[in-house]
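Visitor: Counting in the UniProt record's numbering, the sequence shown runs from 1 upward without gaps.
Just so you know, even glycine gets a beta-carbon here, dropped at the ideal spot from N, CA and C.
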Amino acid sequence: MAGDKEKKEKKPRRVGKRNKEASVENITEAAAKVALDNNRSSTGVLTSEKNSRDVKIELYSLNFFSQNLINESTIELNYGRRYGLIGPNGSGKSTFLQSLAAREAPIPEHIDIYLLNAEYAPTEMSALEAVINDAELEIKRLEKLMEDILSEDPESPLLDGIYDRIEDLDPATFESRAAMLLDGLGFSPQRMKMKTKDLSGGWRMRVALAKALFIKPTMLILDEPTNHLDLGACVWLEEYLSKYDRILLLVSHSQDFLNTVCTNIIELDHKKQLKYYTGNYDMYIKTKKENEVNQMKAYKKQQEEIADIKKFIASCGTFANLVKQAKSRQKILDKMEADGLIEKVPDEKVFDFTFWSAGPLPPPVLAFNDMSFSYSGKMDDLIYKNLEFGVDTESRIALVGPNGAGKSTLLKLMAGTLHPTAGTISRHSHLKIGVYSQHSADQLTLDKSAVDYLRSKFPEMPQDLPYWRQNVGRFGLTGNAQLCPIEQLSDGQRARIVFCELSLHRPNLLLLDEPTNALDIETIDSLARAINRFEGGVVLVSHDFRLIRQVAEQIWVCENGNMNLWDGSIAQYKEKLRKEVTKSLPK
Numbered sequence: 001m002a003g004d005k006e007k008k009e010k011k012p013r014r015v016g017k018r019n020k021e022a023s024v025e026n027i028t029e030a031a032a033k034v035a036l037d038n039n040r041s042s043t044g045v046l047t048s049e050k051n052s053r054d055v056k057i058e059l060y061s062l063n064f065f066s067q068n069l070i071n072e073s074t075i076e077l078n079y080g081r082r083y084g085l086i087g088p089n090g091s092g093k094s095t096f097l098q099s100l101a102a103r104e105a106p107i108p109e110h111i112d113i114y115l116l117n118a119e120y121a122p123t124e125m126s127a128l129e130a131v132i133n134d135a136e137l138e139i140k141r142l143e144k145l146m147e148d149i150l151s152e153d154p155e156s157p158l159l160d161g162i163y164d165r166i167e168d169l170d171p172a173t174f175e176s177r178a179a180m181l182l183d184g185l186g187f188s189p190q191r192m193k194m195k196t197k198d199l200s201g202g203w204r205m206r207v208a209l210a211k212a213l214f215i216k217p218t219m220l221i222l223d224e225p226t227n228h229l230d231l232g233a234c235v236w237l238e239e240y241l242s243k244y245d246r247i248l249l250l251v252s253h254s255q256d257f258l259n260t261v262c263t264n265i266i267e268l269d270h271k272k273q274l275k276y277y278t279g280n281y282d283m284y285i286k287t288k289k290e291n292e293v294n295q296m297k298a299y300k301k302q303q304e305e306i307a308d309i310k311k312f313i314a315s316c317g318t319f320a321n322l323v324k325q326a327k328s329r330q331k332i333l334d335k336m337e338a339d340g341l342i343e344k345v346p347d348e349k350v351f352d353f354t355f356w357s358a359g360p361l362p363p364p365v366l367a368f369n370d371m372s373f374s375y376s377g378k379m380d381d382l383i384y385k386n387l388e389f390g391v392d393t394e395s396r397i398a399l400v401g402p403n404g405a406g407k408s409t410l411l412k413l414m415a416g417t418l419h420p421t422a423g424t425i426s427r428h429s430h431l432k433i434g435v436y437s438q439h440s441a442d443q444l445t446l447d448k449s450a451v452d453y454l455r456s457k458f459p460e461m462p463q464d465l466p467y468w469r470q471n472v473g474r475f476g477l478t479g480n481a482q483l484c485p486i487e488q489l490s491d492g493q494r495a496r497i498v499f500c501e502l503s504l505h506r507p508n509l510l511l512l513d514e515p516t517n518a519l520d521i522e523t524i525d526s527l528a529r530a531i532n533r534f535e536g537g538v539v540l541v542s543h544d545f546r547l548i549r550q551v552a553e554q555i556w557v558c559e560n561g562n563m564n565l566w567d568g569s570i571a572q573y574k575e576k577l578r579k580e581v582t583k584s585l586p587k
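1. Does the region 363-375 come within contact of the region 513-526, defined as at least 3 CB pairs closer than 8 Å?
2. Out of curiosity, what's the CA-to-CA distance linking LYS193 and ASP256?
3. Am I right that ILE113 and ILE221 are in contact with their C-beta atoms under 8 Å? What's the rounded C-beta distance?
4. So what does DSSP say about THR173, is it helix, strand or coil?
5. For the alpha helix (DSSP H) containing ASN259, name the first residue and the last one.
6. So for GLN273, helix, strand or coil by DSSP?
7. Which residue comes first and which comes last in the beta strand (DSSP E) that contains THR424?
8. Inspect the CB distances between the region 112-129 and the region 288-306 and report whether three or more fall short of 8 Å.
9. For the region 208-215 against the region 127-139, are there 3 or more C-beta pairs whose distance is under 8 Å?
10. Which residue wins for smallest C-alpha separation from GLN550, given the options SER569, ILE383 and LEU62?
11. Decide if the region 415-424 is in contact with the region 554-571; the criterion is three or more beta carbon pairs, one per stretch, under 8 Å apart.
12. Rounded to a whole number of angstroms, what is the C-alpha to C-alpha distance between ASP339 and LEU333?
13. In chain order, what residues of the same chain have a beta carbon less than 8 Å from the beta carbon of ARG494, not counting five sequence neighbours either side?
14. Nearest to GLN325 by alpha carbon, out of PHE312, LEU399, ASN117 and PRO459?
15. Is the number of C-beta pairs between the region 496-512 and the region 431-440 that are closer than 8 Å three or more?
16. Consult DSSP for PHE65 and reduce its assignment to one of helix, strand or coil.
17. Whose CA, out of GLY279, GLY476, GLU104 and LEU159, lies closest to the CA of LEU85?
18. Taking the C-alpha atoms as reference points, what is the distance between PHE187 and ASP381?
19. Pull up the distance between the alpha-carbon of VAL451 and that of PRO402, whole angstroms please.
20. Does the region 245-253 come within contact of the region 135-147, defined as at least 3 CB pairs closer than 8 Å?
21. Taking ASN78 as the reference, give the member of LYS271, ILE266 and SER429 with the closest Cα.
22. Counting only the same chain and skipping the five closest in sequence on each side, list residues whose C-beta sits under 8 Å from that of ALA238.
23. Use the C-beta contact count for residue 596: other C-beta atoms within 10 angstroms, 16 or more gives buried, fewer gives exposed.
24. So is residue 665 buried or exposed if we call it buried at 16+ other beta carbons inside 10 Å?
25. Checking the sheet assignment: what are the DSSP bridge partners for ALA398?
26. Taking Cβ positions, are GLY476 and SER357 nearer each other than 9 Å?
27. CA-CA distance, GLU29 and SER395?
28. Helix, strand or coil: how does DSSP classify GLY202 here?
29. Can you tell which of THR43, THR354 and GLU58 has its C-alpha closest to the C-alpha of ARG533?
30. Under a Cβ-count criterion, where at least 16 other Cβ atoms within 10 Å of its own Cβ denotes burial, should HIS228 be classed as buried or exposed?
31. Assign HIS419 to buried or exposed, taking buried as 16 or more other Cβ atoms, counted over all protein chains shown, within 10 Å of its Cβ.
32. From the DSSP output, in three-state form, read off ASN480 for me.
33. By a C-beta neighbour count over all protein chains shown, 10 Å radius and 16 as the cutoff for buried, is PHE499 buried or exposed?
34. Can you tell me whether PRO225 is buried or exposed? The criterion is at least 16 other CB atoms within 10 Å of its CB, across all chains shown.
35. With distances taken between CB atoms, is the gap from MET219 to LEU137 smaller than 9 Å?
36. Which same chain residues, not among the five before or five after SER48, have their C-beta less than 7 Å away from its C-beta?
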């Protein structure tokens, strides 16, 4: 006990800010990352045992660009638990994960950390070779760690865990298990053999994810791991991670994912504290509501008591026989304030926005007539063949299907950025299309503020500051976030700028390609309400089952060069996928 007390009495130590080396492949991007890392710092005191597989850090604070994101809170991550980190866009979730991975918090060195937030590097290795190569490097690292510990402390309790990990990796089964992971993440046998330099960023992100799952680090940190996955791969990853038996810390906007995977929820709340809840996301919502009801009852009771005390003190006046009683009551009041008054539960902010529309149009609005398409222009390479398909301004369509089936390609054909190889696509002469793609936020001018960026996009509109602050504020970007450089904003805040820009264009038809990737759960609900109120058509590609459930009236399955209307709900489609993917899960 004395040792524990001594630990807690240590002053928080500031851990140095870390730079990242600029890569030859992309010096500008790497330099920008270094600049961001240089503006991040943290303090904290390790209070868990040095050799423990659990991590507890007290008095933890995190700052980014001189903004305090977490203030003297506690990090508590226990081995064998799976934590979902939630909080509003811009609260600092990704920055927190990056700080942990960079060991800016005093995490013991024997706890290896892997953060998935970047694509696998473009190399000459195939996807399969890349995963195996990293597994071989991991075995070498573990063997070296074991040698170091043996030389220092042959009786160390850490040795058993390292032995087990080396045995679990089992080089004899490297290829088969690596192939199993890649298959679950959507790789065909042909794509597994492709060099990583020839894979798109989304597929290289999957290689990085397969590597993380293969080596099974003590602390696996995932920042929106489903962003580059199709629905089938999302279901596979849900099932796989629900059995992860080390420390898992993840940020996800998908309630389905959090419910299936997590044993605990960590909320980064408005007071810049990390609050811990046992159970999955649904349990968190239930517990939080119960706590808030009890807190409000206690708050009202205390406020009534304070009002009664103040009323009594005021009624005493200068009567000598009552002054003593008044002083006694004042002491009670002072003690209550010194101990800390019960706070009122903040009013729940229901964030709503609207996509303005140019209004409905009479059909036909957009029609595919015997349409076929291939990127090469050759009929032998068709992605789609002889499609007959239509969209009007009342449509609410979700496109689902495996990666590579051409869902995003179909949206580009609708938008007119791609053209049919055969057949035609006809559009109403007054049709205005608004497009949100996975890379829309990448087109923002990062050194401008949100207000200045939107001003430059709409020079015909009023240019006064209050007008633009009001416009971008409708989409939940408020305060200083409207005026600081966009590069300092989170991905979710940047997405709101894109939504604002879309609305100002007043389209008749919205084409949304993975619009939830950077959004928090509350904003996804707001997006669903905005889509349902939109006076125009919507075609949606998303891996978020809950959003599809809220907005889609038709579900079209894109597969094998065709589109077929799904006769059932999105929940039934997910169950079909679950039955298929569980066959490829490791036993």
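Guide: According to the data block:
1. no
2. 32 Å
3. 7 Å
4. helix
5. 255-261
6. coil
7. 422-427
8. no
9. yes
10. SER569
11. no
12. 10 Å
13. ALA441, LEU444, ILE486 and ALA518
14. PHE312
15. yes
16. coil
17. GLY279
18. 19 Å
19. 38 Å
20. no
21. ILE266
22. Looking at the sequence itself, residue 238 is Glu, so the reference to Ala does not match. For GLU238, where only same-chain residues beyond five positions count, the Cβ hits under 8 Å are ASP256, PHE257, THR260 and VAL261.
23. Since the first residue of the chain shown is 1 and the last is 587, residue 596 is not available in this structure.
24. What is shown of the chain runs 1 to 587, which leaves residue 665 out entirely.
25. LEU540 and ILE555
26. no
27. The pLDDT assigned to GLU29 is 47, lower than 50, so where the model puts this residue is not dependable, and the model offers no usable value.
28. helix
29. THR354
30. buried
31. exposed
32. helix
33. buried
34. buried
35. no
36. ASP54, VAL55 and LYS56
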